[in-house]
Each structure stands twice: as structure tokens, then as C-alpha cells.
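Structure, as C-alpha cells:
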Amino acid sequence: MAQNRGGRSRSRSKEPTHIWSGFWCGLIIIIGVILWALLRLPLMPFIWLGILVGGTTATYPTPARKTDPIDPKKLNVYYRWKDMFSGLKPYSRPEKDDEFDENPETFTDLMSKSDWLAVHRVSWWVGWFVGLYASRGCGLWTIPFNMIFGFMSVMGVIHWRDRLVDRRHIYQGVSVFAFLQKGKPSQKTIAIVSAVVLLVILGACAYLGFVDIPTTLSLPALLFLLLVTKFDKKKQTAYWRELVKAQRMLDGWVKSDDLAKMWGGAYVTQVKKVGHRKNPMHVMRVRLQDQYDAPRSNEKVLKAGVEPLRSSATSSGYNFIALLAAKTIKENGWQFDPSLVRIVYGKDESCIPDITKKKVGAKIAQLVADIAYDYCAQNEWHKRPPLVQVIDAAADDEEEAAWLMLLHNPPSGGALITQLGLEWLANPFSPADIIKMPIFSDLENAFMLAAQPETKLNDKGNKYRPDGLTQSKSFNRYIELSRRFKRDQKAWQDIVGSKLNLPVCNYDEERIVETSEGWTLSFMPEMLTAPDRTSDFMRYDLSSLDPSKDFVGLIEENGITSLVMADNAPLRIDRLTGSRPEYRRYAQALIYKALMDVMPSRAEVVIDSCQQMGKDTAIWRIGFHLGRGGTVADVRRKSANISAAVGSERVYWDWQSADRATVWLCSNPYLGTDPDSVAHWKIRAAQKELIQLALSDAWGVAGVQDSSGKTPTVESLGVLPNNKEVLLAKFQIPGGLDLDKPQYNLGKFLTEANYPYGRIIQAYGTDFSMVLAKKSPFPTSVMADWETAKKCDRRKFPIGVDDLGNPVYWDTKTTPHLLISGKSGSGKSSASQIVIAEALLKGEDIILIDPSKGCIDFTQWAKPKALAFVGLYQLRETEAVISWAREEMAERVRINNKYGVGNIFELDPDDVEEADRKHLKPLNILFDEFNSYLQETGKTTQNPQKDMQIANDNAAVSATNASIARTMSALSKIIVQGRTAGIRCIFGAQRLTMDDMKKYNGNAFFRSLGRILLGMDSPAGVVSAQNLSEANRTQKSLKNEDGLIPVGRGMYESMQGTLMAVQTWYSGGQDELARLVANIPNPEPIDYQQYMPRAAEQFTKLDVEDIKEIFTSNNGSENVEDEDVEEEEW
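If you're matching positions, the sequence shown starts at 1 in UniProt numbering and goes up one per residue.
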């Protein structure tokens, strides 16, 4: 504003003298007060007149010399009178230029066009009620005059007071209506109730004549207005105070001479706080004006940037500051406002609001985006930043934000849109660092999108997206595919580089399948550019195309290449059991990749067919041929690699030519002939075809092949008539191979052929036959066939059946003695019962011995039929009976010599003397729990104090040890010589090995036994060394499907070393056996008393000789040797 007002001259050397306006105003008011006091005339017209005269007579202050500054106090006085004078008449204010939507309670008064019409303001009502109050004690005719002139007088004062703090930002006052609408309920209650209470009190006083009507009406109203101002002034004037504060702060920042030229006339049109209330970000909107308040260009300010302001801002406590251009929206769209700028500042960068949530709104997001691009432009690229137009692109039900950003470049000095979309986003100082969300640039840089990839989008962005990529009308789908396209192209670029053209995905034709097993299979058509072929890309590792997928590969069908991806799908082909086309395509991709990985350079694979031959299991048959010089031999040599790559435990090859073959892939081919196995196949003939391939191939893997690689071939296949689950195969061995080679490699063959059970049953010439089964062919339980036992040869004891269902015999002619071993529950007791029962049915004699458990399995039925029964703890009786048996054996040997025969069975009872006839009946000695008996041996205790109890205990131990040693000596003689005498020993033990016999020099003893091992106990030490490997294999094959060996099942090894599997008969229990032998007469028990050893001595008094005798007796008993026993190496 010009200082030279009304043509006043400043050339005088002395200031002019004027009568003070306050004098005229005061004089008039004093006159009015006197007239009001004396004549009760209206007072308010005099006050109005005083203000009018004071404003009229006020003159603009002028200094004595032109170079002198104007006195600020005098200038303020001048403005005071002129402002009050202006308030006496209606006054129009300019409209507000607002960038933001402001709260109605803060700026309601800006809607009015004049102070006189600001009905909402407290001051508007104060004028009326002050005039009413001034009418107290006066006539009623004074009330209109006082109220009208009182209102005008208050309007004058308020007009001055509104401009007292800052003439550029006029005070807006307190709104009564805003208080009533938005005030706190408690405050509104206090204000209203207080006014009403005072009105009632004054009304009562007026009724009694103490006060007049003007007082009664005005004081409650003035109290209410006072309380409104008290309660709500701070809240309603907060924005005005912020505006004034911002203006003053800006004035302080730009007061230096350099900045004053650039920023002179800067007018803060708006200020706003955004973000957290404890750490807000301030936004100041500033219009640049010249000295006549006309807008001027912001070009110099924007060019200079924010740096000139930074030091001043820092000194004010604001370490973060940014200078932004401002927009203006006109008919032709967004434009940069040529005169407006925005100053954004805060304590530090943490004041920038978080716009990752949708609730912050597009306007705040737009401001933060402007800051982000300005930061990148000023600090990294040194360019003019664009203005960002932000559109809320998040779906309605989303909480997370998605901001679609349209970038508007400045008229000059800006970067290219392509740079904004590529280089700026890829730079370490990216706008995303401030926006705190990843920013995606559209494929054609039509827009930017700040959003998390998983945030769902609405369709507002369709207006801005370019054509192409997809036909979908969903903007969310377009963005998903755009992101994916960029990732895919980059992934392909990283894989093939510049060697091949990058494939282009046809996303609209992509097929994604969710299987019932929870797998996800996707098939994406890829458009290749000639001359590239599918096999060219398969030579690269494609897994990086999508590291989150379990499998990534290619297939080619009908000339179309598809990218196959699997999520949560098995990487093993043996788990692909479905028959849907998607399963077949996925299996083809797995196989194609595996074959290509093992092919020589440049060679290619073409899949001709891919079939699932199993109904509910994975049995895949793949036909293929090779090109570009590849041969089947190349692939066959890498069979193990292919098996590992596709997750197939079995690979079977059917060569058709040098470059064409069929390969079968599976883990469980179900080659069994049982109904369950057959039920897994779609075509029965296909199973038979694979069985022949598998068996022949398994011999090759087992090492049974000639120098050319030829393996035994299958001549015929069949099943056993009585067991359809057992396969009978006949093989022809290649010329030049020994028939012993299949037997030697039988275990490897069965493992490779996946037959848990199998054995060679016939071998002649170049052919051999085998029994094969997917599970043990033995029945779980077989009842004893007593009729067969009665009819068979007298020296053969049927004990069970083999895998073909044929009886298994204990042939006592070649194996006179038998060990039946097995842990508890293995069927050992039942097998022992079978042997003893058959001996009784044959009319033979039996002796039962078990000093450990008392032969509890024989007491109810066999004890009465026995020549002798040795029960629990009868160790002396055990020695006596065995000694009797040894003497009986000696007598029978004498008889053989007498009659000139080599075996007692060669004698006819009718041809011998009566006295010798009773010695011709075969004798079977059952010694049960034999291992427990051997463990009865003990050691004596040192007795230096000659304790009587210890001495007696030592004597008992010595006697027991000596007895067991003598018994073992006698048994050894019986074992070695008993065969010719018709005396057999059957030992029952949980486990008995050669190591248990070493103490008694029992090598020959143990070798003379046939051995039945039942259950899962280890064959080591029980079975002969040459059969140990076969025994281990056989034992594993005896398990049922539950992994356990049933009761009564095990192995039988004859004394000659023949090993076979057997399911022993079940005896039926003691009650059944008692009925079986009920008609057999009880024999006359033998008298073995003469063989009873003396009992252990019991001492009552000890001397040194006694002790020596005890220890000498004990030590000598542990090393009893029988020179008559034949010793052999085991």
C-alpha cells in the first residue's frame, strides 16, 4: 500500500499538528453520558457518533522528512480509527481460495459477505444486547435507538479488533451456531442453564420491581454469549491463529534482502496440519504478490528451490522442509499454478504421513506423492518434479491403500515420462522410499501405481490403461498381468540372455487347475519366435521363472509350446495317480525335462504318447523318439538320472529302434497276480507286458547278463492253481552263463524286481523256474494234519508246509536231532508239541525234561505218556535221566553189534531176542528251555571267614555246575552216536547258538542238530555260516503286510545245510492233544534212581581242607572234557 495517501506532501521538515481523533470521540461520548444521566436520553447514538467523528478526523501519519520511517504507533492509531469507521457501514470480504475441504465449524463465518450479516458471531449479538442493557432506567422509546446504534458501534469496534493482530488475515470471531452444533454437551448445558437461571432470577426481581425489563433480558443473553466465547474461542480460532503464526514465520524466513526480493509480498493463503498430531507435517500455501497485491510468477522461487529457506526453517525447529509447486484445475485439465507455491515442513522426515492405509484419503496421498517425487527430483536428478494426480484405486472392501498416480510434468525443466517410469523407480533414491509402498509403472508408462501387489483394485483405473495384454475388463486383473509380464520378461531375459528371443505369454489362455489333492497345476501358452524351438529353451534351468513353484517345465502339443508350473504338486511321477488330462500333461512335462537333461548337446526329444496305465496308482507308459542325432542308448545309460529326476523307483525300457523306445515309470508297478494287484491296472495285458519287462530287466540290474547285456528272458508266466497270488515264471538264461549265477544273485534280483518273496525251484539246462510273490505266500496258520502224520514214513515227521503248500518234513534219517528256537510267542511250543505228538502217534517212546519251567506245555497230555518227566528245579533228576539215556544208547549199540546191523531201524523185532526187543523202540528226548538250563551254572563266593551259609551255598553251586557239566557230556555222546541207536533229542530254546556251547566243547553237538528258527530272532549263530545271507533274505520275506512274522513261521535248516521256509503246524492246544493221544497206553516209567547224583553237602563245621575241596570241585566241573566227542570246526 502506498504511503503517500490523499496527495499529502512529505517535504515539510516538521510534522503537521492535528487535533487528536480520540479527543473528539471522547468529548462526544462524555456529552452523551451526561445527557443519559440527566435526561435519560439514549447513550448508544453518542458512542456511535463519537466513533464516526474520530474515524472522520483521523489522518495518515507523515514523518518530518521523506527519509524518516513512519512511527508504527501512530500508524496503528490511524488504522484503529479508520477500521472502526469502516465497521460502521456494511463491509464485504473476499472469498477464500481453498485447496482443501475445511471443517464447517472453523470457517462457517467465511460464508457470509458482510460483518453486519454475520449472525452466527458472538459479536453480532453482543451489539444488540449491549444497546438493550444501555436502555435500563430509560424510557421504552430509547430501546430501539440504543439497540440499533449499539449494534453499529460494536460492529465498528469489532471491525477494528478483527484486524488488530494481522491485517492480512482477518480474525473470524466465535460462532454461536458452531458452539451449539459441535460444542461439548457439558459446556452447552452450563451456558444454557446459567443464562436460564439468571433469566429466572432477574425475572423474579423484575416482577418484584427491583430491576427493569432491559436488564432482565440483556444480562442473561450477555452471560450466555460470554460463556460461549469462554468455552469455544480457542477451538474456533485455532485455524486463524495457525494462519497468522505461519504468516509471521514466513515473514521471518524471507526478511533478508536476497529473499525479500524473491519472496516479497508472499501471502499465506492457507495452512494445514496433516499426519500425527504429536508430530504433524505443516503445509503452507503461499501466493506470490507484487506491491499492488497482484499475482506474480513463482518461476524464480521454484528455480531457487528450498535451500534458501532451509537454514531459517532449521532455526525454527523444522529440520524437514520441501518446496512444491501448486496446481490449478481448469477446463482443459490440470495446470501448474503460475503464482502459488506450497511449503511443507516438519520436525524431521518422520512427520510425513503414512499413506499405506486407504483411510488417509487421496488428498493426503497426493501431497505425499508430490513430496516423494520432489525429493527424488531435487536430490538425485536435479530436475523440476512433476505434480501428481492421485486416484484411489483400492477396492471398496480393502483397508490397504492403492494409489493410481498420473504424473503432470512442469512447463519446463521436467524429466521424460519414460525416465519417471524406469530410471526414477529403479534408482536407490526412489519415490517409493517416502511413499513406503512399491511403485509399479504401467507397461506404456501411462500411470504409476503405488500399492502392495496383493491389494485388490477397483475399476477406476480402466480409464487410464492402454489397450493390449488382456481382454479382461477388470483393472485389478490388468495390473496383476502387467506385473507378471514384467517379471516374466525379466526372468526370461536372465535365463536366456540374448541367445534366444524372449517368449511372450498368452495370459488369457492360461489354464490353472486345482486338484482334489490340493495341488495347483498351471499351463501357460508361450508364443515362440522362429527359429527357436521348445527344446532350445529346455536346455536352460527354468526354475527361476517362478522360484515359488515346485516345478517349472515346458511341453509341446500340436505345435503349441506351454509353460507348465506346479505348486504343492509332487515332483515324483509315482504320485501322479489321476487320469485327468492335466495330470497327463504335468507328467509329460516332468518326463520331457528329465529326458532333455540327459540328452547330448543339440539332440532333442519328442514325446509321442504319455499314458497312465494304472487305475488308482501311478504307472506311466511314455513313448518317445529322438532327433538331431540322439539315440536310445544315450538315454538308457542315464536311466538312474531319469529315475531320480522324475521320482520313479522303477524304470523299465522297451527298445523299438535306435531312436525310438517306450519307457515305463512307476514305484509300485503292482506286478502281483493277486486280485488286489490286478485291480490297480486298467488293462490286464499291459500288466503282463510290464511283468515280463520288469523280470528280465531286474536280472540285468542284479548282474545276470552276458557280455552283450542280454539278460534272462521270460518264456512263460502263470499262477499256482491253489494260490492265485503266487507267480510261477520260467526263464531262459543266455548262453554261456552258469545256472548258479541266478541263485547267487537271487537277493539282488528280488529287490530290483520288487518281489518280497521268491526262490528258484527248478533249474535244468538253460532254463530255470521261480516262485515269486508280492507278499509271503504262506498261510497265517495251518492246523496239524494228523492223518498225514500217521501215514508218512516212520522216520519222517511232517512239521508244516512250504510256500507251495507242500509238507515240510523233519527227516530223522539225515537229521536225527532237532533244535526248535524262537522268542516267546513265536510258536516254538506248538512246534515242539507237534513233534512229540507225532512220536506218540508213531508208537515211539518220549522223555520230557524241563527243569526251568516244568514242561508246562506238555503236562496235561504228554506227561502220562512219557517214560520219564523231569519238572521244575529237578536238576539232579535231569542228570539222572540223561545218564540213563546214555546207558540205554550204549545198550542199543551193543544190540546193533550183536546182530551185525548199523542202525537199530534195520532190526525186525521178530528176529531179536525177547530181552533185546524192548530196546528197539525209538526214543525221543524233549529237553525244553535248554538255554535256561545252561544258564543255571554259577560261581562260588570267596569265604575267608568260614561262614557256614556261604559255604553251603558254594557247595550247592559247585554241585549244580558239576551236574550240568556231566549232563552236557552225556548229551554230547547221545547227539553224536544216538542216530544209529534210534535215540533223538529235541531241544527247545528261546535262542541257542554256537557261543552257548563253547563252554562245553559243543561244536560237534551243535552241528549235529537240525534247526528250526521261528519269528524275527537273528539267524546269526543259529543258521550255518554258508546259509546266513540267504537266511537273512528269507526271514525278511516271511513278514506279512504288517511287517511282522506270524506265529509258527520261520526257517528250517537240516543237518546237511538245506535251508527252507516253513509255516509250522498249529497243534490245537493241550486239550486237543489230550484227545488225540487219549487211546495211547501209558508206558511203564523208567527207574533212574541208580543214576541220581548225590546232593550237595551241607556243612556244620569247616576246616581248610573242606574249603579247598569245594573250590577244587567247582573249578574242575567247569572244564569237563569228553575225549569221545568228535570235535569239528564250525
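We treat Cβ as the ideally placed atom computed from N, Cα and C, and that holds for glycine. Treat the numbers as computed from the prediction; the structure is a model and nothing was measured.
Nearest residue (CA-CA) to residue i, options the options
i: Val388; options: His408, Leu772, Lys918, Asp397; result: His408
i: Ala1061; options: Ala1031, Ile1086, Ala1078, Leu1044; result: Ala1031
i: Gly902; options: Thr980, Glu299, Cys351, Ile856; result: Thr980
i: Lys73; options: Ala118, Leu164, Gly26; result: Leu164
i: Ala395; options: Lys357, Ala369, Asp1087; result: Lys357
i: Val714; options: Phe731, Thr967, Gly703; result: Phe731
i: Ser579; options: Glu604, Met565, Pro600, Lys615; result: Lys615
i: Ser297; options: Ala446, Lys359, Ala313, Asp337; result: Asp337
i: Gly468; options: Val504, Ser1054, Ala450; result: Val504
i: Thr780; options: Gly1050, Asp162, Asp293; result: Gly1050
i: Phe1005; options: Gln612, Ala658, Cys792, His817; result: His817
i: Thr711; options: Lys741, Ala195, Ser194; result: Lys741
i: Trp655; options: Val635, Ser315, Lys921; result: Val635
i: His169; options: Gly553, Ile190, Arg637, Lys245; result: Lys245
i: Leu728; options: Pro1019, Ser958, Glu380, Ala773; result: Ala773
Counted within 10 angstroms of its Cβ, other Cβ atoms place residue i as buried (16 or more) or exposed
i: Ile555; result: buried
i: Leu1014; result: buried
i: Ile761; result: exposed
i: Asp850; result: buried
i: Glu879; result: buried
i: Gly264; result: exposed
i: Phe210; result: exposed
i: Glu752; result: buried
i: Arg487; result: exposed
i: Gln481; result: The residue you asked about is not Gln; residue 481 is Leu in the sequence shown. The residue in question, Leu481, is buried, as its Cβ has 16 or more Cβ neighbours within 10 Å.
i: Asn103; result: Because the pLDDT of Asn103 is 38, which lies under 50, any placement of that residue in the model is unreliable, and the question is left without a value.
Three-state class that DSSP yields for residue i in the structure shown
i: Ser1117; result: Low confidence applies here, because Ser1117 scores a pLDDT of 43, under 50, leaving its location unreliable and the question unanswered by this model.
i: Arg161; result: helix
i: Trp20; result: coil
i: Leu923; result: strand
i: Glu1084; result: coil
i: Glu398; result: coil
i: Leu43; result: coil
i: Pro431; result: coil
i: Glu480; result: helix
i: Glu913; result: coil
i: Thr237; result: coil
i: Lys96; result: Residue confidence is low: Lys96 scores 40 on pLDDT, short of 50, so the model does not pin down where it sits. No coordinate-derived value is stated.
i: Arg759; result: strand
i: Tyr373; result: helix
i: Glu715; result: strand
i: Ile836; result: helix
Whole-Å CB distance - residue i paired with residue j, under 8 Å assumed
i: Asn146; j: Gly131; result: 4 Å
i: Arg287; j: Tyr267; result: 5 Å
i: Asp916; j: Ile950; result: About 51 Å; that fails the 8 Å criterion.
i: Glu242; j: Val283; result: About 11 Å separates the two Cβ atoms, so there is no contact after all.
i: Ile642; j: Phe624; result: Contact flag wrong, Cβ pair sits at about 11 Å.
i: Leu872; j: Gly854; result: 4 Å
i: Ile733; j: Thr766; result: 5 Å
i: Gly156; j: Ile30; result: Not really, about 18 Å apart at Cβ, beyond 8 Å.
Contact under 8 Å by Cβ, residue i with residue j
i: Val197; j: Val122; result: no
i: Asn568; j: Asp550; result: yes
i: Asp845; j: Leu923; result: yes
i: Ser776; j: Leu1038; result: yes
i: Val564; j: Ile622; result: no
i: Ala702; j: Lys748; result: yes
i: Thr1064; j: Ile834; result: yes
i: His159; j: Asp83; result: yes
i: Ser86; j: Gly54; result: no
i: Ala322; j: Asp251; result: no
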